[in-house]
């Protein structure tokens, strides 16, 4: 929804990796086992995928990164590849962990995602705390915090308002 409102491509590393798994590519085969365990795909593979995607013409005027960077090493690789201004705004959605687990279990039921189970979700949250949370400090000058509770439309409205400089 946000990418559409901004008129930029939505670049989701998770989606690109899942597509590679379904397509049975070499990357997909490598990623499948790692993702099923709730671990992160190695930085070098993810960075290469993102760099390739950002080189397409539709990303020249901007893009919305979803699921990337996931750690400071990826952020530094992105800056080295695209420039220090590769990330203009970082949206940090604030949601309780129990709510996140419930949402992901609901998604698993709706989409048949075998990688969304309680153990894997809890592992991802642990990985987030260690690997991804430090990005809040790394991108401190760009972070916009938004309440992520509620329905999709409500959260979208809050994100859009925050990006426009209004309430969060």
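In the working numbering, the protein residues as written are -1 to 166. Glycine included, C-beta positions come from ideal geometry on N, C-alpha and C.
Could you check whether the Cβ of residue i sits closer than 8 Å to any Cβ belonging to chain D?
i	result
residue 120	The chain inventory of the structure shown lacks chain D, comprising one protein chain alone.
Within 10 angstroms of its Cβ, does residue i collect 16 or more other Cβ (buried), or is it exposed?
i	result
residue 31	exposed
residue 129	buried
residue 33	buried
residue 118	buried
residue 58	exposed
residue 131	exposed
residue 150	exposed
residue 170	Because the chain spans -1 through 166 in this model, residue 170 falls outside it and cannot be assessed.
How about residue i and residue j: do their beta carbons lie closer than 8 Å?
i	j	result
residue 63	residue 144	no
residue 107	residue 115	no
residue 6	residue 81	no
residue -1	residue 51	no
residue 48	residue 11	yes
residue 134	residue 141	yes
residue 158	residue 3	yes
residue 22	residue 122	no
residue 147	residue 93	yes
Using DSSP's beta-bridge definition, name the partner residues of residue i.
i	result
residue 88	141
residue 147	According to DSSP, residue 147 bridges with nothing at all.
Return the chain-ordered ranges of every beta strand (DSSP E) run that is complete within the region 24 to 66 and spans a minimum of 3 residues.
-> 62 to 64
Jot down the residue ranges of each uninterrupted alpha helix (DSSP H) in the region 94 to 127, minimum 4 residues, whole runs only, in chain order.
-> DSSP assignment within the region 94 to 127 yields the following whole alpha helix (DSSP H) runs of 4 residues or more, N-terminal first: 95 to 109, 116 to 125.
Is it a yes or a no for the region 40 to 50 touching the region 70 to 78, going by three-plus beta-carbon pairs under 8 Å?
-> yes
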